[in-house]
Amino acid sequence: MLRKNPTLRHILGRAAWYFVTFLVAVTVNFFLPRLGDANPIDAILAKTNAGDSAGAREKEEAYLRQFGLAEVDAQGKVIRTADGKPVRTGLGKQFVSYLGLTLQGDLGTSFLQFPKPVSEIIKDALPWTLCLQLPTIIFGWLVGNLLGALAAYKRGVFDRIIYPLALLVSAVPAFCVGILMVYYFGIKLEWFPAVGGYDAGTTPALSSDFLSSAAYYYVMPFLSIFMIVVGGQSIGMRSMVIYELGTDYVKYAKLLGIKENKILLYTFRNAMLPQLTGLALALGAMVGGALITEIIFSYPGLGMAILTAIQGNDYPVITGCTLLITVCVLVANFSVDILVGLLDPRIRAAQAAESN
Amino acid sequence: MTDALKFQAKNISRVFGHGKKSVTAVDNVTFEIRDREIISLVGQSGCGKTVLAKMLLRLETPTSGELLFNGKPITATGDPRNHWRQVQAVFQDPFSCFNQFFTIRSQLKSSFRLFETKPSPGEIEERVDQALLAVNIKPKEVEGKYPFELSGGQMQRMLLARIFILKPQVLIADEPTSMVDACSRASILDYLLKLKEELSMTIVFVTHDIGLAYYISDSLYIMHKGKMVDRGAPDDVIKHPTSDVTKQLLEDIPDVHRQWIARGTPVHAAE
Amino acid sequence: MTVSAPVRPLEQAASGPTPKPAKSNAVLEVEDLRVHYVTRFGHKIQAVDGVSFSLKQGEILGIAGESGCGKTTLVSGCMGLYIPPLFHTSGDVRIDGKSIVGMTLEQNRKEVLGQKIAMIPQGALNSLNPTRKIKDMAADMILSHDESADKKSINDRLRERFTRIGLDADHVLNSYPVELPAGTKQRCVIGISTLLNPKVVVADEPTSALDVSTQKAVIKLLFELMDQEIISSMLFITHELPLLRHVSSSIAVMYAGEFVEYGTTEQVIFEGRQPYSRALMGSMLSAEPGQKSRKPVAIEGAPPKLDKPIPGCRFAERCPVAQPDCRTTEQVLRIVAGRQVRCKYADTEVVEQVGGGL
Ligand SMILES: Nc1ncnc2c1ncn2[C@@H]1O[C@H](COP(=O)(O)OP(=O)(O)OP(=O)(O)O)[C@@H](O)[C@H]1O
Ligand SMILES: Nc1ncnc2c1ncn2[C@@H]1O[C@H](COP(=O)(O)OP(=O)(O)OP(=O)(O)O)[C@@H](O)[C@H]1O
Ligand SMILES: [Mg+2]
Ligand SMILES: [Mg+2]
Chain R
0 MLRKNPTLRH
10 ILGRAAWYFV
20 TFLVAVTVNF
30 FLPRLGDANP
40 IDAILAKTNA
50 GDSAGAREKE
60 EAYLRQFGLA
70 EVDAQGKVIR
80 TADGKPVRTG
90 LGKQFVSYLG
100 LTLQGDLGTS
110 FLQFPKPVSE
120 IIKDALPWTL
130 CLQLPTIIFG
140 WLVGNLLGAL
150 AAYKRGVFDR
160 IIYPLALLVS
170 AVPAFCVGIL
180 MVYYFGIKLE
190 WFPAVGGYDA
200 GTTPALSSDF
210 LSSAAYYYVM
220 PFLSIFMIVV
230 GGQSIGMRSM
240 VIYELGTDYV
250 KYAKLLGIKE
260 NKILLYTFRN
270 AMLPQLTGLA
280 LALGAMVGGA
290 LITEIIFSYP
300 GLGMAILTAI
310 QGNDYPVITG
320 CTLLITVCVL
330 VANFSVDILV
340 GLLDPRIRAA
350 QAAESN
Chain G
0 MTDALKFQAK
10 NISRVFGHGK
20 KSVTAVDNVT
30 FEIRDREIIS
40 LVGQSGCGKT
50 VLAKMLLRLE
60 TPTSGELLFN
70 GKPITATGDP
80 RNHWRQVQAV
90 FQDPFSCFNQ
100 FFTIRSQLKS
110 SFRLFETKPS
120 PGEIEERVDQ
130 ALLAVNIKPK
140 EVEGKYPFEL
150 SGGQMQRMLL
160 ARIFILKPQV
170 LIADEPTSMV
180 DACSRASILD
190 YLLKLKEELS
200 MTIVFVTHDI
210 GLAYYISDSL
220 YIMHKGKMVD
230 RGAPDDVIKH
240 PTSDVTKQLL
250 EDIPDVHRQW
260 IARGTPVHAA
270 E
Chain X
0 MTVSAPVRPL
10 EQAASGPTPK
20 PAKSNAVLEV
30 EDLRVHYVTR
40 FGHKIQAVDG
50 VSFSLKQGEI
60 LGIAGESGCG
70 KTTLVSGCMG
80 LYIPPLFHTS
90 GDVRIDGKSI
100 VGMTLEQNRK
110 EVLGQKIAMI
120 PQGALNSLNP
130 TRKIKDMAAD
140 MILSHDESAD
150 KKSINDRLRE
160 RFTRIGLDAD
170 HVLNSYPVEL
180 PAGTKQRCVI
190 GISTLLNPKV
200 VVADEPTSAL
210 DVSTQKAVIK
220 LLFELMDQEI
230 ISSMLFITHE
240 LPLLRHVSSS
250 IAVMYAGEFV
260 EYGTTEQVIF
270 EGRQPYSRAL
280 MGSMLSAEPG
290 QKSRKPVAIE
300 GAPPKLDKPI
310 PGCRFAERCP
320 VAQPDCRTTE
330 QVLRIVAGRQ
340 VRCKYADTEV
350 VEQVGGGL
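Residue numbers (numbering that gives the first Met the number 0), protein chains in the order written: chain R, 0 to 355; chain G, 0 to 270; chain X, 0 to 357.
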């Protein structure tokens, strides 16, 4: 069947590639923090040992088990030498146990918020990031493409207003827009709260109080990302549509007397293909891209979680988050690969030829 | 001295891809190109002409066989730039050979960069003028002009002006006339002949039109599906074609004196 | 029309129509058509300047001329496609007796394009939407003219027509353009263009991107379509006069937006009476044995710019036999030796020094 279906063969081939890339990323994620002179885990252990309280002992035990740093017995207790020192395992063995845990989705325990598992920290922060970014990117992408296509098709006055505006917006760095908004609308005019994700008085729950305060806090971060996405997408779409409108097939369709709106559909569809790639990549980079906006607005998402972790040398959280970012980017790239192949016969033909 | 060999190809092949899906673009071809002659590679679309021409330019490597240039293996010159000082090319689409953002004159001047020793700025200007005159374009006409401001025929002549500057030993012309109109075609052929006469250049002319090839060349090579199916002096090939491919090619050119397509009288015109 | 019909002998190829505009059974009539472009800088370029001809049922008119002489522009004018920067200056175009120049673009699209007059474009290889199957683009074409057509009938129609033009209909209709070789794509374009049995087909250099063998196959197909009465008449545009010798019954040679000679194929190719058309013929070459000594002669120089009126004969600058008064006296089309010619010296021996046929 593989022989007969070049598309499927291409997809499987790519999937294998992405899996290998993922493994490489995981490996790097493991070895990188352990390459430095001061092994972060040892440093943390030294700190906990200094206290020598019962709690510290328990913490040490957990770390040693968690990272496979020490040999454990059948009951999962750390084996210790006579003077109470744990029996350390080699780096190779550590790596194997880390790999096993990671593939099961166990990202370890936070240093700072012990004994909170990293996965839980991510679970708390991720919805904020997703709620902020997902609608913003998708909505911004739609609006941007619509404006770009209109500007290209209508030209004239419409184009002369939209195009320079879009250029301006997308040329300003993201953090500038954010900072300016915080300053003017948050601090000077006090239209919107300058920082945070919800009122200090409320707690995250499905109450109307909380939701309305979250919506209020949502406006500025949303707008700051939305504007940039709209600007960038509309510029790209505009030039794609202008290009498509000048192609031979559009001229021919006109000569055949094919209806104007059908021809528009042709051009929009064909111009949309590269834009879809852009969307998928933007969604993949979403988790990582959240950093700056969230930091500026002190928004309680993943970006803030990473910032806190970096400030506190919370390695398990940092590696957990980078791994998540890596996976998102890989998945996005993979879906772009598959998507454009499915949607564009030209690329499908090239892919089939390539995987022969 | 005209018997000196420029190129010698012994059983060269070029295969793309591997396994079942492989394409043999050039299939076990043996030929010789003598000094100061114009040879033509003729054949239908996809028969491997361009691939063969690219091998002579060292833009493709044969997958098997031996290709000699001036009696030595073609790679003996080391850096391909050494090869390109001696073997140059003009292509089908002149617009894609020039950068749209620089004036034509500046691009002609920059072709001096290929030389090992660059002449003085004054000499460069002078030689560019000479080259332009050689292709019958007054230097003033193209002063400050960009590629898109010229017609296809004029651009093709610019490519030839570049050849007049570089003065290579061999020129590979890959369908130089297929994008220009019939009148400019005659002048392009004229300049090719002039290059041969005045600069003793060896020319490899690639075309699908056996009529053009017949007119311009000293030997004809007919290709079909990667193989050489007919070869020889133009008059021999045209008068006594040995392969069906040649016969077909001859039959397919519209010639004013011969029945081309048999056709019944159209219904409407009959009354 | 039966396939076994007698082959038209060479001598009869000249038995085309007389070039005088004939009112009877003319499908396409063009009367003193003038069309101009307006450039970005506001200059007016008179790309077609007073062209008249008429095309009868079953006739193929060839239009020849150098690059930039206005062939494609003339065709746009004949189709009524006045999309800026192209504008109609004056004159009339009638298809089946009905004028199309005053129409709005939408009216033109509905009633004329594809239905009465259809185009087989220059560079047909990129003319199909790369992301649409052949059958979908063809269906769009039918639906744009006949909204009530149902899917089934469209499908049947497409299969019937594509089989008729010698294609494996099931395979081709379900393919995307990239999956088809150049020759097949060209056939598809011809198939789609002629779906609605247009009165006039305009072929704008339909073969210039093809090799000689494919070119022959394409011309054969066009002939078959004419014999089967799918196409009734054709405007064939090319710069290859030898090709027109076999394709058209009459030829108009165009220069700088005007017809300079307009007569039967035989007249223009073998006994041209106008220096430009003779020079054009002289720049052609041929593969016949013994012809190797005949040198094609290029026409020196470039065609004039059309942004301002040119006094006198437009070809005078490049004409090898230009006389002193050529540059000053306006040339008009007149009948010499049975065809229309635009040259003051057409009836003298002066023109015979130029070019010479093959
Ligand atoms: N880089 C490549 N990879 C795979 N196949 C190739 C490549 N280049 C050429 N081919 C194949 O080799 C064959 C010969 O190609 P080539 O370009 O030499 O044809 P050609 O005779 O120059 O045709 P044309 O007249 O259309 O230019 C074709 O079947 C083509 O598909
Ligand atoms: N969009 C345009 N704006 C201004 N001038 C134009 C435009 N398109 C064409 N022209 C001019 O109109 C003239 C006729 O062009 P046209 O394309 O009709 O020539 P053609 O005979 O079809 O040439 P070719 O053989 O190269 O297709 C040329 O001088 C050209 O410069
Ligand atoms: Mg080629
Ligand atoms: Mg044209």
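Virtual Cβ for every residue (Gly too), placed ideally from N, Cα, C. All figures in this text were calculated on a predicted structure; none of them were measured in a lab.
_Under 7 Å by beta carbon: chain R residues contacting X:Met253_ = Against chain R, the beta carbon of X:Met253 has no neighbour under 7 Å; the closest one sits roughly 20 Å away.
*Alpha-carbon spacing of X:Pro20 relative to X:Gly354, whole angstroms*: Because the pLDDT at X:Pro20 is just 45, under 50, the model does not fix this residue reliably, and the value given afterwards should be weighed accordingly. Approximately 29 Å, taken between the alpha carbons.
_Strictly under 9 Å for the Cβ-Cβ distance: is G:Pro253 near chain C by that measure?_
Although the question refers to chain C, the structure presented lacks it and instead comprises the protein chains R, G and X.
_Contact with chain G by X:Glu351, beta-carbon distance below 9 Å_ = Answer no: the Cβ-Cβ gap between X:Glu351 and chain G never drops below 9 Å.
*Are the C-beta of R:Glu259 and some C-beta of chain X separated by less than 9 Å?*
Cβ-Cβ to chain X under 9 Å: yes for R:Glu259.
_Residue environment, G:Ala133, which counts as buried when at least 16 other CB atoms sit within 10 Å_ = Counting the other CB atoms within 10 Å of its CB gives G:Ala133 a total of 16 or more, which places it among the buried residues.
*asked:* Counting only Cβ pairs nearer than 8 Å, list the residues of chain X close to G:Gln247.
replied: Proximity of chain X to G:Gln247 at the Cβ level (cut-off 8 Å) is accounted for by Ser212, in chain order.
*Would you mind sorting R:Thr318 into buried or exposed? The rule is 16 or more other CB atoms within 10 Å of its CB.*
Looking at its Cβ environment, which holds 16 or more other Cβ atoms inside 10 Å, R:Thr318 is buried.
*Step through the CB atoms of chain X and report whether any lies within less than 9 Å of the CB of R:Ala15.*
At a cut-off of 9 Å between C-beta atoms, R:Ala15 does not count as an interface residue with respect to chain X.
*Would you call X:Val37 buried or exposed, if buried means 16 or more other Cβ atoms sit within 10 Å of its Cβ?*
Classification for X:Val37: exposed.
*Who are the neighbours of X:Ile358 on chain G, taking C-beta pairs under 9 Å?*
In the structure as shown, chain X starts at 0 and stops at 357, and residue 358 of chain X therefore has no counterpart that could be examined.
*asked:* Could you check whether the Cβ of X:Lys43 sits closer than 8 Å to any heavy atom belonging to ligand 3?
replied: The answer is no for X:Lys43.
*Along the chain, which unbroken stretches of the alpha helix (DSSP H) at least 4 residues long are found entirely within the stretch 179-223 of chain G?*
If we require 4 residues or more, the alpha helix (DSSP H) runs fully inside the stretch 179-223 of chain G come out as 181-198 and 209-215.
*Note down, one range per segment and in chain order, each beta strand (DSSP E) of at least 3 residues found wholly within the stretch 187-215 of chain X.*
Entirely contained in the stretch 187-215 of chain X, the beta strand (DSSP E) runs reaching 3 residues are, in chain order, 199-203.
*Compute the minimum distance between the beta carbon of G:Lys238 and the heavy atoms of ligand 2, and state whether it is under 8 Å.*
Between ligand 2 and G:Lys238, a heavy atom-to-CB distance of less than 8 Å is absent.
_Shorter than 8 Å, the distance from the beta carbon of X:Leu305 to the closest heavy atom of ligand 2, or not?_
It does: the Cβ of X:Leu305 is within 8 Å (strictly closer) of some heavy atom of ligand 2.
*State yes or no: is the C-beta of G:Leu194 within less than 9 Å of the C-beta of G:Ser39?*
No. Outside cutoff.
*In the DSSP assignment, what residue or residues form a beta bridge with X:Thr237?*
According to DSSP, which records beta bridges pairwise, X:Thr237 is partnered with X:Ala63.
*How should X:Arg338 be labelled, buried or exposed, when 16 other C-beta atoms within 10 angstroms of its C-beta is the threshold for buried?*
It counts as buried.
*Hey, is R:Met285 close to ligand 1, as in C-beta under 8 Å from one of its heavy atoms?*
Not one heavy atom of ligand 1 lies closer than 8 Å to the C-beta of R:Met285.
*Thinking X:Arg158 and X:Leu172 are a contact (beta carbons under 8 Å), I'd like their distance in whole angstroms, please.*
Confirmed, Cβ separation roughly 7 Å.
_Can you check which of these residues, R:Gly185, R:Ala270 and R:Met271, is closest to R:Leu218 by C-alpha distance?_
Just to set this straight, residue 218 of chain R is Val in the shown sequence, not Leu. Of all alpha-carbon atoms in R:Gly185, R:Ala270 and R:Met271, the one lying nearest the alpha-carbon of R:Val218 is that of R:Gly185.
*Measuring from the CB of X:Lys184, is there a heavy atom of ligand 1 at a distance below 8 Å?*
Of the heavy atoms belonging to ligand 1, none sits nearer than 8 Å to the Cβ of X:Lys184.
*What are the start and end residues of each continuous alpha helix (DSSP H) run of 4 or more residues lying completely inside the stretch 160-233 of chain R, in chain order?*
Considered as a whole, the stretch 160-233 of chain R harbours 173-180 as its complete alpha helix (DSSP H) runs of no fewer than 4 residues, in chain order.
*How is G:Phe100 classed by DSSP in three states: helix, strand or coil?*
Taken through DSSP and simplified to helix, strand or coil, G:Phe100 comes out as coil.
*Answer with buried or exposed for G:Tyr190, where buried requires no fewer than 16 other C-beta atoms within 10 angstroms of its C-beta.*
Burial call: buried.
_In the DSSP output, what is X:Tyr36 paired with across the bridge?_
In DSSP, X:Tyr36 forms a bridge with X:Ile44 and X:Leu85.
*Sorted by chain position, which residues of the same chain lie with C-beta nearer than 7 Å to R:Gly300's C-beta, five sequence neighbours on each side aside?*
Closer than 7 Å at Cβ, skipping near neighbours: Ala124, Trp127, Thr128, Leu131, Ala289 and Glu293.
*Compare the C-beta of G:Met105 against all C-beta atoms of chain X and say whether one is closer than 9 Å.*
Here residue 105 of chain G is Ser; the residue named in the question, Met, does not match the sequence. Cβ-Cβ to chain X under 9 Å: no for G:Ser105.
*asked:* I want to verify the contact list: residues of chain G whose CB lies under 7 Å from the CB of X:Val296, in sequence order.
replied: Ala185, listed in chain order.
*Who are the neighbours of X:His238 on chain G, taking C-beta pairs under 8 Å?*
What X:His238 touches in chain G: Asp180, Ala181 and Cys182.
*From this set, R:Val25, R:Gly245, R:Ile305 and R:Cys327, which residue's C-alpha is nearest R:Gln103's C-alpha?*
Relative to R:Gln103, the option among R:Val25, R:Gly245, R:Ile305 and R:Cys327 whose CA is nearest is R:Val25.
*asked:* Under 8 Å: do the stretch 269-285 of chain X and the stretch 237-254 of chain X share three or more Cβ pairs, one atom per stretch?
replied: Taking 8 Å as the limit for Cβ pairs, the verdict is that the stretch 237-254 of chain X does touch the stretch 269-285 of chain X.
*Within this structure, are the beta carbons of G:Val255 and X:Pro241 separated by less than 9 Å?*
In this structure, G:Val255 places its C-beta atom within 9 Å of the C-beta atom of X:Pro241.
*Under 8 Å by Cβ, that's how I've got X:Gly190 and X:Ile164 pegged, so tell me the actual separation to the nearest angstrom.*
Yes, X:Gly190 and X:Ile164 are in contact; Cβ-Cβ is about 5 Å, under 8 Å.
*Terminal residues of the continuous alpha helix (DSSP H) containing X:Asn173?*
Taken as a continuous stretch (DSSP letters only), X:Asn173 belongs to no alpha helix (DSSP H), as it is neither H nor E.
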